[in-house]
Structure formats: C-alpha cells, structure tokens
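Reviewing the structure listed below.
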Amino acid sequence: MDAIIKVTELSKKFDDNEVLKAISFEVDRGDVVAVIGSSGSGKSTLLRCLVDLEKSDSGVIQIGKQILANNGEYATPAEIRKIILKMGMVFQHFNLFPHLSVRKNLELAPRVVKKETEAEMKQRCEKYLKKVGLIDKIDAMPKTLSGGEKQRVAIARAMMMEPDILLFDEPTSALDPELTGEVLNVMQELAKEHMTMVVVTHEMGFARKAANKILFMDNGIILEEGPPEAIFNHPTKKRTQEFLKTITQKEG
C-alpha cells in the first residue's frame, strides 16, 4: 500500500531541548492512527511539523508523492501551500474566528484559497454541518456555542477544503467530559468512512475503538507501535505498561 504520510528520521529541537529524536513512521490511506503518550513526549510537535507550523531540523516528511522537508531543506512556498492543502487540522482550542458566523467560518478558506463560488460553498457548508449534527447552527456566532459544538464546527471547517488527511491535536482536552462524547462520535463516524486521520489523544477508549494503529510516544521517540489490541493488551515495553496503567487508573 502507498503511504499517504511517510516520516523518516524526523528530529526537532527547541534550543537545547530535543523534542523529536529521529522519528520514523508511515500512515496508509484510510488509516486512523492514534498518537498517545504523556505530556511533553513530542506528540503535538510531531503534528505541527507535518503541517509546517514548526520546521523540523532533520529527517524527511513526505505527504503523498511530495516532499515537504528533506533534512532541513523545505519545498518552495508555493509547493508547501499545495502540500498543506491536502491536510485539515483540528486544534485543541477550536480556533474559530469569533467575529464570523458558523457559515462564514466554514466558507472563509474555500473563498480565499480556492476562489469558489457562493453556490459551491453553500452546498458543501450545509453538507458538512449536517455531518457533524449542527445544520441548525449555521448562522450562529461562536460565542453562543458550547465547547463541543465549537469543536464540531472546527471539524466541519477542516473538511470544507476536502483534505486527504485530517489531523487532530488533543481535540477533546479543552472540553467538559459530557461534551467529549459528541466530538468523539463525529470522529468515529469519520473513521468508519475510512477518512485518513492522525489523532493525538488521551482518550484511550477512542484510540482502542476507532484507531487501527497506535503510536506510543515517550521522551521524543516512538517507543512502541502496533494495532490497538497489541498495544493495549500486550504492550512489550515497561514504559508503555506504566503509562497505560496510570491512564486506566485515572479513567477508572
């Protein structure tokens, strides 16, 4: 199978702090990859490198057939824009524009980047708001929405550009527990539709149920990877066992 994301020996430092240490992994089309691990293990930095929000120091990032970064050398700005358009990013804190309605939040990128017509945008905006269960909020302002609704709008907005890949950076960590479920349900539906997703998450139930591949990160490396059944039920590394035990105790 052709990898849609291929990362080879990726490294990233902030001053003297080496956050990513020669990381390598692949994501195939249709994969749902859950990236788990303690805070500070490099999970969010890894995602941010994939969409060029952080520049890597060395290693190769390949998205589809295109090389984004090759040992510190980057594609041209025009090529980078093309590569990034293949990916939609959903952040922890929604990042909706507070002065724009839900509809205008969704339509902004297609209007500016793709120069789409009103008719094209309207149809797709309604389609994706229906998908996340928020068509009735199409003209609402963000301040009137709950956290869970804001995050579902953010997912719909990421899908408006019809990306090949969706990246999620702790999409439920800013939400109250009762609102977490509505966001995870949307993500599980996307997983069933074989949307390629890379999800940094502390929601082990979601990782176990929706992902087909788990990456366990610790101290800037991928310590263990494999299918959920293997990682959750038969982790081989002591650090993975300790992490899962701690998480299970918290959830219990």
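Take any residue in the sequence shown, count from 1 to its spot, add 6: that is its number in my numbering.
Heads up, the beta-carbon is just placed ideally off N, CA and C, and yes, glycines get one too.
If you're wondering where the values come from, they're calculated on a predicted model, not measured in any experiment.
Own chain residues within Cβ distance below 6 Å of residue i, not counting five before or after
| i | result |
| --- | --- |
| Pro104 | Pro148 |
| Phe174 | Val96, Val205 |
| Glu122 | Pro116 |
| Ala75 | Ser62, Ile67 |
| Lys143 | Val108 |
| Ala28 | Glu15, Ser17 |
| Leu196 | none |
| Lys243 | Leu229, Glu230 |
Inter-residue CB distance, residue i and residue j (contact presumed, cutoff 8 Å)
| i | j | result |
| --- | --- | --- |
| Ala164 | Leu172 | 6 Å |
| Gly43 | Val25 | Not a contact, Cβ separation roughly 12 Å. |
| Asp145 | Lys92 | Actually they are not in contact, since the Cβ atoms of Asp145 and Lys92 sit about 30 Å apart, beyond 8 Å. |
| Leu185 | Ser152 | 6 Å |
Environment of residue i [buried if 16+ CB atoms lie within 10 Å]
| i | result |
| --- | --- |
| Ala162 | buried |
| Thr150 | exposed |
| Thr82 | exposed |
| Thr252 | exposed |
| Arg130 | buried |
| Ser45 | exposed |
| Glu79 | exposed |
| Gly241 | Strictly speaking, residue 241 in this sequence is Pro, with Gly absent from that position. So Pro241 ends up on the buried side. |
| Val138 | buried |
| Thr254 | exposed |
| Pro177 | buried |
| Ile154 | The question names Ile, but residue 154 in the sequence shown is Gly. Gly154 comes out buried. |
| Gly211 | exposed |
| Val118 | exposed |
| Ser50 | buried |
| Glu209 | buried |
| Ala84 | exposed |
| Ala217 | buried |
8 Å CB neighbourhood of residue i in its chain, flanking five on each side removed
| i | result |
| --- | --- |
| Glu264 | Since the first residue shown for the chain is 7 and the last is 258, residue 264 is missing from the structure and cannot be characterised. |
| Gln247 | Pro241 |
| Ala9 | Glu32, Val33, Asp34, Gln68 |
Cβ-based neighbour list, residue i, same chain, cut-off 7 Å, excluding 5 preceding and 5 following
| i | result |
| --- | --- |
| Gly36 | His200, Thr202 |
| Phe100 | Lys156, Gln157, Ala160 |
| Asn225 | Ser47 |
| Ala213 | Ala40, Ile42, Thr207, Ile220, Pro234 |
| Leu102 | Asn111, Pro148, Lys156, Val159, Ala160 |
> Is the region 12-26 in contact with the region 64-73, if contact means three or more CB pairs nearer than 8 Å?
Replying inline: yes
> Below 8 Å, can you find three or more Cβ-Cβ pairs linking the region 178-197 to the region 110-117?
Replying inline: no
> Is the number of C-beta pairs between the region 55-65 and the region 18-30 that are closer than 8 Å three or more?
Replying inline: yes
> Fully enclosed by the region 91-129, which beta strand (DSSP E) runs are 3 residues long or longer?
Replying inline: 93-96
> What are the start and end residues of each continuous beta strand (DSSP E) run of 3 or more residues lying completely inside the region 182-244, in chain order?
Replying inline: 202-206, 219-224, 227-232
>> Which complete beta strand (DSSP E) runs does the region 17-84 hold, if anything under 3 residues is left out?
In response: 23-34, 38-42, 64-69, 72-76
> Which whole runs of the beta strand (DSSP E) in the region 160-185 are 3 residues long or more, in chain order?
Replying inline: 171-175
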